[in-house]
Each structure stands twice: as C-alpha cells, then as structure tokens.
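Take a look at the structure below.
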Amino acid sequence: NSFQEAVLYFEKLEHQDIETKRKLGESYYNLKEYPKAENVYADIIKLPETIPSDLYRYASILNINKKYMESEIYMVYYQKQVKSDSRASEYFAEKSPLFTILNNKNDVTVKNLLMNTENTDFGGTYYRNKLIFSSSKPKNSLVKSTSNWNALPFLDLYVADIDKDGELNKLKPLPGKVNGKLHEASSAISPDGQTIFFTRNGYGSTSSDEANRLKLFYGKLNNEKVTEITPFKYNNNKYSMGQPSFGSDNNTLYFVSDMPGGVGGTDIYISKREAGIWSQPENLGHTINTEGNEMFPYFHKSNLLFFSSNGHTGIGGLDIFYSNKQETKWGKVHNIGLPLNSNRDDFAFISDTSMTTGYFSSDRDGGKGDDDIYFYRINKPFIQRGIHINLIVIDKENSNSLSGALVTSTDASGNIKEIITEDDGNVNFEGVYNQSYSIVVKHPQFRDEKVTIKNLKEDFEEKINLEKTNLELRGIIIDSKTKKPLEGARVSVTPTITEKSFVFYTDAYGTFVRDLGEKKSYEKSGFTVDIFKKGYVPITFQKDFQNGNRSTLYLKDSLNSPIAMEKIEVGQNLTEVLDMKPIYFDVKKFTISKDAAIELDKIVNILNDNPSMEIELGSHTDCHGNMLDNKILSEKRAKASVEYIQKNIKNPNRINGKGYGESKLKNECSCEGYRTSTCDETQHQENRRTEFIILKN
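Those letters in the sequence shown? Residues 160 to 856, per the numbering used here, in order.
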C-alpha cells in the first residue's frame, strides 16, 4: 500500500522491532520527510541487529539534512564493513570531496518557473522552440485519478512555448494518444525530430509483487502530435525501463532500468538500432553506475552524458553528474556542483546546444510543489571537465614512484600548468577535448622526459620513466674463506676516459654505495676498479658499462653477488695470487723491460700497502745452456728485479733475491749431461719463471 498508510500503521504500533523501525524509516524517506527519517534511523543504528545498509541509509539522510560531518562519520563506519562498495570507495578517494563541491559554486543563475504547481512538475526535452515536460497538474476531468503511493494526480506529458526568459507559456497536454489513465512522463525526441520515446507505467499488466512496472514506448512525432505508438521490444513485466534520451544520432538510446544483472538499484543502459532493430540493452558499466540509483540520462552533443545519482559523491539526495563519452570508455564522473545541485533531489538536466541555458528539476527547499522545473543560465562558459590526463612519474630502473618531479603542461594555445608530484608520483589534471599538449617532466636527479599528446579524445594515462643522470655503484666485499663482510676495504674507481678517481670504503656490512657522477662518462669505455684491504690480496679489474639504461651498477651481477678477497698468508707465491704475467728477459740478458716493469709494479704496490710484509724473489731458468751459466744468469736477473722493487718501496730490506738457475724445475724437463730432453718449448717455458714467496706478513 501507500507510504502514507504505512506511516500511519507503523506509528500506531506499541512495540516496534528493528524491521518495523526500518519500514517506518523507509516510508518517511520515500515521502521525503527526512528529519523524521533521521530520527528513526538514529534509533536503528544503536540496536545490536543493525546491518551495514542501515549505516549507509543513515549517512545518506544526514547528508540530505546538511549534517555533512556526521554523515562522513557513518560513511567511514560503513566503508569498514563493506569495503567492496564503490560508493564509499569513491567518497574517500579524494580529500574532502564534499568540501570541494560545496565551495566551488558555479556562476549560474537559477530560477523557479512560474508555471510550476503544488503538484509534480519535472523533466523536459526540447522540441523545436518548445519544451515537452511531465506534470501531475489536474486535468479537466470529472474524475481525479491519483497515484496510490503519494496521493498526487497521475503524470502526463505536456508541451509549452519557451519565451526569452526561459518561462513556459501556452501549456497543453501533448496531442495524440500519449496520455492514458496512469503515468506518462520522461520523454526524449530524436535528433531529426521525428520520433518520440516516453515512459509509461504498465497499466493492465502487473508483476507478481503487484507493483506496476515502467515501460518505454515510442511513436512518430509530427507537429507536436504523436501517432503510431509502439512498445519498446525489451519491456518486461518483471522490471522497469524508462527515462529515455537519444544519443548523438537517431539510432542510439540511453535509458534507465532495474533489470537483473545490473550494478545497483537502477542503472543506465544503452541500445543501438541497426537496420531498424534495437540491440539488446547494454549496461554502461561501473564508471557510470553504482550500487545506488542512476537515473535521468541526458546526452548532449558535446559528448557529455548528464545523469542523476545518489551513488556518486554528492551533497544530498540525487545530484546531477556528467561524464565525457570517449572513444573506448566513459571518462571520470564529475558532480556538476552548486547551485544546480542542492541537498535534495536534483535531476532531469537538459541544456541548449551552446551549453548556456537549460532546465532541470528539483524538490529543493523553496519550491512550489513536490518537484519543480527550474530554468538556469550559465553566465560563464561551461568547462568540460570530462577528460583527464593522468601521469605517474617513476624511477625507470626500480619502478618506484618519484616525488618532487616538476610536470609542466603546455597546450596548443600556450597555456601553461605546473604541478609537482607527491609521494605517489601521481599527477592528474583536466584536459580539453581535441586539444594538444606538450608535457615536460623534470627532476634534479633525473634526465628530463617529454610527452606529446595530439588531439586529446579520451582519458590519457601514462607512466613516465625517468632515468637518473648519474651512475650509482654498489657492491659488497667479503673474506674468501670465512665469507664474512670486510669493513674498511678501499675501493678506487677510475673512469677510462679520465684520470680522476673516486675512492670510498666499505661499511661494517662490507657494502658501499657511491655516486660516480654522470653516466655519460662511463657509457663508452667503462672504468677500472681497484680494491685494497690490508692483509688481503688486492683486486684490480675493468668494469664495462654496456647497458646505458641502468642507473645502478653492481661490482658483480647484483648486490647479492659479493667480491671475495683472499687473505695474504706466509708461503704464498704472489705470482699466482696476483695472477701476474710471466716476467721475460731477453736471451742471456738481465735488464728490466717495460713489460717486466708493469708486473714488478704489482709487487711494489702490495709491499707498499703491507709495510710489514717480507718476500723472497726467486729467479728460475730452464735446462737449456750450461748449468753454471744458468745459475749466474738467474742471480743477475734476481738482483736486477730486486733492485727495481727496492727503489720503489719503503724499507727496501724487506725483499731479497736469489737465483736458482735450473735447480728447481717444475717438471721433468732436465737436459744436463748425456740426458736429452724430449720436452717441447711450452714445457721449458714453464720452468723460466720468477716467484715472489711471502716470508713474513
């Protein structure tokens, strides 16, 4: 039965359980007696049997009653219990969304039309220089039919002239067999002006729950007269369809339905006509539709879809929203703001072609009836906020978001916008349809990046990978035997193309991180790495920088691949430890060649790095020649080598030399006396060697 009768019944009950209270609160809500509904739900949420939807309803009612702070508190409670609800997620996706809406008042003039009555007047669609709208104003009839739920007369479609001030004159019922015994409302006229769609309730056919369903009908329109009325092929007695709006052509229709499989209560759908046949309705999806109610779609030729919703973030009841129709999707939904929206129901928005004037409906305070039609005039050009440019600035190497990056956007007209990224690296700003943009992203530690957007048609989102201008070297150094980290190991890095070296030391964990300056210094030729730790064999190697995209380089493959240093021990042969090349002398000569000096310098360095180290330099020959001659030659070579080293080290007495001749062959390649060697030259060369044996460390 009617909500009014329900209120009278429930109010008389002495004992009201939570279900009774809920029905009473819903009756007040549907009768728009919001203060009473608030009082009832204030009791409901205190009961242990309360459910999450009670919290959401209470928050919605508080919103309508302009108690925004309290409303947000209960929205928080609701979100904690129902995390999947997009209504709460959207509400908290931005900082203080209601504050933004309430404090961004548009330069718009709004007035209540003189033709409004104490009954219901709403909706509107342009037809030439006229407006077709819905009204429950009493007809000239001996019988006054009323709707059961609110005791107001049934709705009919009317047509009226529009004067220069937006007022409606010469009102009359829409000619033809449109208006019947029950409701007819919410019409749409095709762009060519020859077809009208309208909403009618299912008179004569009811669903099992005894509620009349709304249905769509269409007919031919000629000089305001409607003929050949036909039901829409997808009407169904089990659910409602209504509130039509044509798209940009005669073959696209938007409408509202509560059919099964939707997102929320009532959703907006689209159907397209091909070869005279309307396609199966398609839900517009989660960008437009929510778990609440989306209603009264209106498509403007500027590619904007306006609609009303109590699911998207608003300031009370139904608010008017819009979204930009893009090539492959719908753009972000925006609240149209004050004064077109209020804390009550605001809906049925339409606009002229220039987006300057239009009409909408509302049951806001100060109206004449249940719903009134309002005329508005936009005093400043309407800004299409439907297209968004979203950039995420990240470190190219590790994909971490970057704060502190300056994003500068310049459009084709030279308008400049600058935004600095925060911790999430995200930048979001509004773009203009079909506009082109040049975007530059700068960060003091990274190379500049540029993005060009030509003829923006839909939301643009892109990750901007910034590459560091400098090269960072990382590594870890450990003991080769114990695998423990080595603290205080000296690392020297020398770019091949320069003589400047970077010197740094490992920490207690054996690790180091060093900025080596601009990467371009290393991109072609790399650098030399020298690692020293007292008591350990020094390490020297060449490091290439072949991957110019990298900003971090490791001594080995990764930070988990350490460099192992070998500890210096008595008895070790430094020739093997240092991986030295053989020290060659000319035949029967003992002068130090340039190549020999390079190898001997390695011994000089390790002796200078380890001032307490003592070594013996042993010079050896093969078996060719006289044994005594070989002995003498090896002694001369040992002496020459020792003298070279002693000149370049502190405390030169730490090294002594000895010539062994062929007395300590490393293999069986002897050839003295009557014995003839069968060894090849490679085997003999193995015996011609210089050894540096550690005597003390």
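Think of the CB as a built atom: it goes at the ideal place given N, C-alpha and C, for glycine as much as any other residue.
Beta-carbon proximity check, residue i vs residue j, cutoff 8 Å
i, j, result
"T628", "E577", "no"
"T279", "D530", "yes"
"I223", "N502", "yes"
"V241", "P498", "no"
"G339", "R359", "yes"
"E453", "D478", "no"
"Y237", "A252", "no"
"Y413", "F357", "no"
"M724", "I853", "no"
"S468", "G444", "no"
"Y596", "I612", "yes"
"G325", "T516", "yes"
"I598", "V552", "no"
"T665", "I636", "yes"
"E850", "T750", "no"
Beta-bridge partners of residue i, as assigned by DSSP
i, result
"L412", "F405, S430"
"P390", "F376"
"F663", "V650"
"D505", "S521"
"Y457", "F465"
"T567", "E577, V599"
"G777", "K817, E850"
"V610", "I598"
"V267", "I537"
"Q175", "Q175 is not bridged to any residue."
"L625", "D554"
"K191", "K191 pairs with nothing; no bridge assigned."
Contact set for residue i: own chain, Cβ-Cβ below 7 Å, skip 5 residues either direction
i, result
"H547", "G490, K491, N587, E589, G590, D618"
"E831", "C782, M786"
"M234", "A218, A247, Y250"
"N538", "D266, V267, T268"
"S366", "Model confidence at S366 stands at a pLDDT of 47, short of 50, so the residue's coordinates are unreliable; what they give is reported in the following sentence. So the list reads R372, N396, K397, once near-sequence residues are dropped."
Burial state of residue i (16 or more Cβ within 10 Å)
i, result
"N394", "buried"
"I429", "buried"
"S300", "Only weak support exists for where S300 lies, its pLDDT of 37 falling under 50; the value from the coordinates is given anyway. When all chains shown are included, S300 counts as exposed."
"K460", "exposed"
"Q439", "exposed"
"M228", "exposed"
"L714", "buried"
"K806", "exposed"
"S304", "Low per-residue confidence applies at S304: pLDDT is 40, beneath 50, and the placement is therefore not dependable, though the value from the model is reported in the following sentence. S304 should be labelled exposed."
"G420", "exposed"
"D315", "buried"
"A571", "exposed"
"P654", "buried"
"H471", "buried"
"T259", "exposed"
"G730", "exposed"
"K555", "buried"
"V672", "exposed"
"A755", "buried"
"S520", "buried"
"F169", "buried"
"D583", "exposed"
"K171", "exposed"
Own chain residues within Cβ distance below 6 Å of residue i, not counting five before or after
i, result
"N593", "N614"
"K616", "E486"
"E164", "none"
"L221", "E229, S230"
"E758", "M739, K740, I742"
"K379", "T386, E387"
Cut-off 8 Å between Cβ atoms - residues of its own chain near residue i, not counting five sequence neighbours on either side
i, result
"I575", "T567, S568, T569"
"N846", "H779, T780, D781, C782, E821, L824, K825, N826, C828"
"D417", "Y398, S399, G424, T425, D426"
"S345", "G282, S293, F357, T358, G401, Q402, P403, F455, A507"
"Q842", "N826, C828"
"K817", "E775, L776, G777, S778, E794, A797"
"N288", "D320, I321"
"P207", "none"
Nearest-angstrom Cβ-Cβ length linking residue i and residue j, presumed shorter than 8 Å
i, j, result
"V763", "I727", "About 15 Å; that fails the 8 Å criterion."
"F691", "D768", "6 Å"
"T354", "Y377", "6 Å"
"D415", "Q402", "Checking the sequence shown, residue 415 turns out to be Val, not Asp. Right, their Cβ atoms sit about 4 Å apart."
Any non-hydrogen atom of the ligand SAM closer than 7 Å to residue i Cβ
i, result
"L477", "The model on display carries no ligand, and the ligand SAM is accordingly not part of it."
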